[in-house]
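To start, the structure under review is shown below, and the notes come after it.
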């Protein structure tokens with residue numbers, strides 16, 4: 029028997045509450061200061077919300093989660109460009125973004141590790157080129 033589509037939508041996590049919980053844990057807990065959601069143990073938030081969200085989707089994909097639904101508050105939503113946010117989310121799977129009265133709701137289904145962006149690929153290629161040149165440089169005799 030198949031489940032109705034509405035039952036397949038994951039319960040949304042409050043992104044702002046996850047960040048606040050993580051930051052409070054740095055001060056209040058000696059061990060296990062990560063997010064309350066155990067599947068996201070690899071996640072470390074960033075001051076930049078887009079970077080923080082990218083890290084969150086990456087941690088969720090590494091944990092084997094198949095989908096992740098988030099709500100973003102008004103203050104966080106105001107710091108993000110909707111097109112950029114949706115583009116970043118789409119690197120991790122099938123993404124949907126909806127405005128709400130409290131900010132934004134974003135869902136990513138079929139989570140997987142993200143393909144590197146063009147900028148990331150260029151940075152990696154530049155670093156690889158430098159490393160190759162260093163490895164191939166003749167050694168000086170001492």
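Residue numbers (the numbering used here): 29 to 170.
Note that the Cβ used here is the ideal one computed from N, Cα and C, for glycine as well.
At the C-beta level, residue 97 and residue 138 stay beyond 8 Å of one another. The three-state reading of DSSP puts residue 122 in strand, counting E and B together.
Just measuring C-alpha positions, the residue of 129, 75, 90, 115 sitting nearest residue 101 is 129. Judged by DSSP secondary structure, residue 46 falls outside any beta strand (DSSP E) and instead within the alpha helix (DSSP H) spanning 43-56.
For residue 80, the secondary structure class from DSSP, reduced to helix, strand or coil, is helix.
The beta carbons of residue 131 and residue 105 sit about 4 Å from each other, so the pair counts as a contact at 8 Å. Between residue 123 and residue 135, the gap from beta carbon to beta carbon is short of 8 Å. Boundaries of the alpha helix (DSSP H) harbouring residue 102: 102-106, taken from the DSSP string. Within the same chain, and ignoring the five residues on either side of residue 133 in sequence, the residues whose Cβ sits closer than 6 Å to its Cβ are 99, 126. Between residue 89 and residue 68, the C-beta spacing is not below 8 Å. DSSP lists 96, 123 as the beta-bridge partner residues of residue 136. Rounded to whole angstroms, the separation of the alpha carbons of residue 70 and residue 41 is 16 Å.
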